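*Asks:*
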Amino acid sequence: MSLTHFFQHLANGVYLGSLYALIAIGYTMVYGILRLINFAHGELLIVGAFIAYYGILIFHLPWWFSFIIAIALGALVGVSLERVAYRPLREREAPRISLLVSAIGASFFLQNLGLVIIGGRHKSFYRPPFFAQTVQLGDVTVMNFLFVLPLITIIILGIVFFLVYRSKTGMAMRALAKDYPTARLMGININRIIAYTFALGSALAAIGGIMYALRYPAIHPLAGVLPGLKCFIAAVVGGIGNVPGAVLGGFILGMLEIMGIAFFPHLAGYRDAIAFIVLIIILSFKPTGLLGEQVVEKV
Amino acid sequence: MLAKKFSLIFLLALILVFTGTSFADEVNIGVYEPLTGPMAAGGQMTLEGIRLAHEMYPTVLGKEVRLFVEDNKTDKAEAALTVSRLIELRRVVAIVGTYGSSLAMSGGPVAEAAGIPVMGCSPTHPLVTQGNDYYFRACFIDPFQGYIMATYAYETLGARRVAIIQDIAQDYSVGLAHFFRQAFVELTGDPASVVGMSSYQTLDTDFTAQLTYLRGLDPEAIFAPGYYGDVALLITQARELGIGVPFLGGDACEAPEFIEIGGAYVEGVAISTHYSADAPVTEESSKFVAAFIEKYGYSPSAFAALGYDAYRLILDAIERADSTDPQAIRDALAETYRFEGATGYITMDEDGNAVKTGVILEVKDGEFVYGGSVEPR
Numbered sequence: 009m010s011l012t013h014f015f016q017h018l019a020n021g022v023y024l025g026s027l028y029a030l031i032a033i034g035y036t037m038v039y040g041i042l043r044l045i046n047f048a049h050g051e052l053l054i055v056g057a058f059i060a061y062y063g064i065l066i067f068h069l070p071w072w073f074s075f076i077i078a079i080a081l082g083a084l085v086g087v088s089l090e091r092v093a094y095r096p097l098r099e100r101e102a103p104r105i106s107l108l109v110s111a112i113g114a115s116f117f118l119q120n121l122g123l124v125i126i127g128g129r130h131k132s133f134y135r136p137p138f139f140a141q142t143v144q145l146g147d148v149t150v151m152n153f154l155f156v157l158p159l160i161t162i163i164i165l166g167i168v169f170f171l172v173y174r175s176k177t178g179m180a181m182r183a184l185a186k187d188y189p190t191a192r193l194m195g196i197n198i199n200r201i202i203a204y205t206f207a208l209g210s211a212l213a214a215i216g217g218i219m220y221a222l223r224y225p226a227i228h229p230l231a232g233v234l235p236g237l238k239c240f241i242a243a244v245v246g247g248i249g250n251v252p253g254a255v256l257g258g259f260i261l262g263m264l265e266i267m268g269i270a271f272f273p274h275l276a277g278y279r280d281a282i283a284f285i286v287l288i289i290i291l292s293f294k295p296t297g298l299l300g301e302q303v304v305e306k307v
Numbered sequence: 092m093l094a095k096k097f098s099l100i101f102l103l104a105l106i107l108v109f110t111g112t113s114f115a116d117e118v119n120i121g122v123y124e125p126l127t128g129p130m131a132a133g134g135q136m137t138l139e140g141i142r143l144a145h146e147m148y149p150t151v152l153g154k155e156v157r158l159f160v161e162d163n164k165t166d167k168a169e170a171a172l173t174v175s176r177l178i179e180l181r182r183v184v185a186i187v188g189t190y191g192s193s194l195a196m197s198g199g200p201v202a203e204a205a206g207i208p209v210m211g212c213s214p215t216h217p218l219v220t221q222g223n224d225y226y227f228r229a230c231f232i233d234p235f236q237g238y239i240m241a242t243y244a245y246e247t248l249g250a251r252r253v254a255i256i257q258d259i260a261q262d263y264s265v266g267l268a269h270f271f272r273q274a275f276v277e278l279t280g281d282p283a284s285v286v287g288m289s290s291y292q293t294l295d296t297d298f299t300a301q302l303t304y305l306r307g308l309d310p311e312a313i314f315a316p317g318y319y320g321d322v323a324l325l326i327t328q329a330r331e332l333g334i335g336v337p338f339l340g341g342d343a344c345e346a347p348e349f350i351e352i353g354g355a356y357v358e359g360v361a362i363s364t365h366y367s368a369d370a371p372v373t374e375e376s377s378k379f380v381a382a383f384i385e386k387y388g389y390s391p392s393a394f395a396a397l398g399y400d401a402y403r404l405i406l407d408a409i410e411r412a413d414s415t416d417p418q419a420i421r422d423a424l425a426e427t428y429r430f431e432g433a434t435g436y437i438t439m440d441e442d443g444n445a446v447k448t449g450v451i452l453e454v455k456d457g458e459f460v461y462g463g464s465v466e467p468r
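Protein sequences appear in the order of chains L and A. Counting in the working numbering, the first sequence runs from 9 upward without gaps. Counting in the working numbering, the second sequence runs from 92 upward without gaps.
(1) Rounded to whole angstroms, what's the CA-CA distance from residue 318/L to residue 81/L? Just pull it up for me.
(2) I need the DSSP call for residue 364/A, collapsed to helix, strand or coil.
(3) How far does the beta strand (DSSP E) with residue 210/A in it extend, from its first residue to its last?
(4) To the nearest angstrom, report how far apart residue 77/L and residue 70/L are at their CA atoms.
(5) Using a C-beta to C-beta distance shorter than 8 Å, which residues of chain L count as neighbours of residue 236/A?
(6) Take the Cβ of residue 53/L as the centre, count every other Cβ of all protein chains shown within 10 Å, and call the residue buried at 16 or more, exposed below.
(7) Below 9 Å between beta carbons: does that hold for residue 448/A and residue 466/A?
(8) Checking 9 Å against the spacing of the C-beta atoms, do residue 206/L and residue 83/L come in under that value?
(9) Within the 9 Å Cβ cut-off, does residue 294/L reach chain A?
(10) Comparing the C-beta of residue 282/A with each C-beta of chain L, is any distance below 9 Å?
(11) When you compare the CB positions of residue 157/L and residue 23/L, do they come within less than 9 Å of one another, or not?
(12) What are the partner residues of residue 289/A, as DSSP defines its beta bridges?
(13) Contact criterion: CB-CB distance below 9 Å. Does residue 51/L meet it with respect to chain A?
(14) Count Cβ pairs between the region 240-257 of chain A and the region 336-347 of chain A that sit closer than 8 Å; are there 3 or more?
(15) By DSSP, does residue 132/L sit in helix, in strand, or in coil?
(16) Note down, in chain order, each residue of its chain lying with its Cβ closer than 7 Å to the Cβ of residue 221/A, except the 5 sequence neighbours on either side.
(17) Where DSSP assigns a beta bridge to residue 144/L, which residues make up the other side?
(18) For residue 85/A, count the other beta carbons within 10 Å of its own beta carbon; 16 or more makes it buried, fewer makes it exposed. Which is it?
(19) Within the same chain, show all residues whose beta-carbon is closer than 6 Å to that of residue 178/A, passing over the 5 residues directly before and after it, in chain order.
(20) Going by C-alpha to C-alpha distance, which of 230/L, 43/L and 258/L sits closest to residue 103/L?
(21) What are the partner residues of residue 315/A, as DSSP defines its beta bridges?
(22) Smallest Cα separation from residue 300/A: which of 218/A, 193/A, 278/A and 331/A?
(23) Specify the secondary structure class of residue 154/A as computed by DSSP and reduced to three states.
(24) Compare the Cα-Cα distances from residue 391/A to each of 126/A, 128/A, 136/A and 438/A and report the closest residue.
(25) What's the C-alpha gap between residue 21/L and residue 225/A?
(26) Can the beta-carbon of residue 122/A be found closer than 9 Å to that of residue 188/A?
(27) According to DSSP, is residue 62/L helix, strand or coil?
(28) Which residues bound the beta strand (DSSP E) around residue 284/A?
(29) Could you tell me whether the region 342-351 of chain A touches the region 380-396 of chain A, where touching means 3 or more Cβ pairs closer than 8 Å?
(30) Which residues in the same chain as residue 267/L place their Cβ atom closer than 8 Å to its Cβ, once the five residues preceding and following it in sequence are excluded?
(31) Would you list the residues sitting across from residue 159/A in a DSSP beta bridge?
(32) Under 9 Å between C-beta atoms, does residue 306/L make it to chain A?
(33) Could you give the DSSP three-state label for residue 263/A: helix, strand or coil?
(34) Along the chain, which unbroken stretches of the alpha helix (DSSP H) at least 4 residues long are found entirely within the region 50-117 of chain L?
(35) Less than 9 Å separating the beta-carbons of residue 255/A and residue 288/A?
(36) List the endpoints of the continuous beta strand (DSSP E) containing residue 384/A.
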């Protein structure tokens, strides 16, 4: 492998990695606060992408405006999902495993709803020409999007940090994460804060979905399954609940997938196997994830 | 107690459904196709042709034909399940399907065990019919398709160094890659003329690592025998990486989605397929194209034509057998000789494969354009 090729692989890896990182942030944020793995996150990605798709196709909105609408509506879908699938269980104080099953159910429901309404065929996602333009850096070819994507990931990271650690609602969210009943006693409106968390998480999912669709412009109702799963794993490797950890995990997974093929081209068909073996090794040395902390069980 | 009562009612309802589906003056024919999932376009295009054929030829032996359509969801387990559902629940005497060789290879043994004949529309992998006395098909098989594209690469493009990128999760793709390689090496006489091979898996969306690797091998053309959605994304990414060499594909690239997703990036891509509306081969072809355009308002794909032929082949066999007994239909299907279909004259060889002309399509100005025919060897 020549140096040029290595740099090309590196660029490809940064690309894929920042995409995974972006999606993993949403996953980990919802978990960090609610201790709920929202398995419907992958579907929320596709919901966001489809709203943006139809905004451009049917309502002829400018692409950037359609994206904003998609993010807002994506948040709304997330909040409704919480209202219908999670809150009733929580109010009956169902065990956490029931919530998890409900999340998986919601994921299947959204997939099949998509198949009924939209149909199973691929739709071609609109790409603003600027994003798809390529730049030549020596012998390495990259799209403009490569510069945009990590930037967006970093900005999102900043926004999430601000909202969770610097705002008043964020303080309430963190209080909730520590202790439910006490937070309630302190006068925090639990349902509102949880809805807020879901709105934020789903908006992140919609952003992730749009970015994913911009990069891989063929979307269908089941397209969220694989990125959803992979980004969940990325979040776990980074230490689930830890936002910078999710970014780290996403980058590692993306890099591993690309570099696995770069160094072992004849094993390209086993790309996921190579990536996941490394992840298993990481987890066996750091079971709580790279940046995850040992959680002390409450008595 | 209540639960017991309910289960009894449920059982009774089930029995009603069972008996309700078969009448003496009706012939039940099953269809299993991927109507959702990554191969949805292929299944839906095929179904268009089957539905048209059913509309045009709704009776056989004076009995009404009832069509039962099942979605196998582009899932191998689901494919086997849908075949047993058609046989057990719908009591079909013959089955049409399915797009996707892996799906057909999963449904085939179920039908064989039950003794129900299946007419494949477009599964091209040799193993679909080999060793299965009850599976037939209306299409040619991949050794021929590999030969068509290898010849195209060698003669039309003048390529002497090619690379291949296959979908390792699909029997179709792995098989076609193998046959293409074989045919190309035969043409050049040099095993090193296939400079490299790489793989991905269905549902993968990122191919940049494989493509970067192949670029380093400096091929003159790249053969990508995958399904339309993946190949369209793959070629898009190749062009974005600055890979300018011609791309070639197989029949699974023929879908409107291929061009919608690939856009300007797939211009000039050549694929092999079964049929082109621009080059009618029989009288039935012209009749089919006219009826299709009248019903749907656009030109039929090769898969619609194959679905149409597959349905009619079964009806033809029932008529020749003068019986709706599955075994008699199977025997009649095996003896099909110069049947006039929309995709050409169909004769079954000893494995149950149709021996037919192949067609090359090229993408020009955002459309598949007829680029020539290749006669069987």
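Just so you know, even glycine gets a beta-carbon here, dropped at the ideal spot from N, CA and C. All values reported here derive from a predicted model rather than from experimental measurement.
*Replies:* For this structure:
(1) For residue 318/L there is no data in the structure shown, the boundaries of chain L being 9 and 307.
(2) strand
(3) 209-211
(4) 11 Å
(5) Within 8 Å Cβ-Cβ: nothing; residue 236/A doesn't reach chain L, min ~21 Å.
(6) buried
(7) yes
(8) yes
(9) no
(10) no
(11) yes
(12) 256/A
(13) no
(14) yes
(15) strand
(16) 442
(17) 149/L
(18) This structure gives no information on residue 85/A, because the portion of chain A shown stretches from 92 to 468.
(19) 205 and 207
(20) 43/L
(21) 340/A
(22) 331/A
(23) strand
(24) 136/A
(25) 48 Å
(26) yes
(27) helix
(28) Where residue 284/A is concerned, there is no enclosing beta strand (DSSP E), given that its DSSP letter is neither H nor E.
(29) yes
(30) 17 and 21
(31) 121/A
(32) With a pLDDT of 47 at residue 306/L, under the threshold of 50, the modelled position of that residue is not reliable, and no figure is offered here.
(33) helix
(34) 71-89 and 95-99
(35) yes
(36) Premise fails: residue 384/A lies in the alpha helix (DSSP H), 374-387, not in any beta strand (DSSP E).
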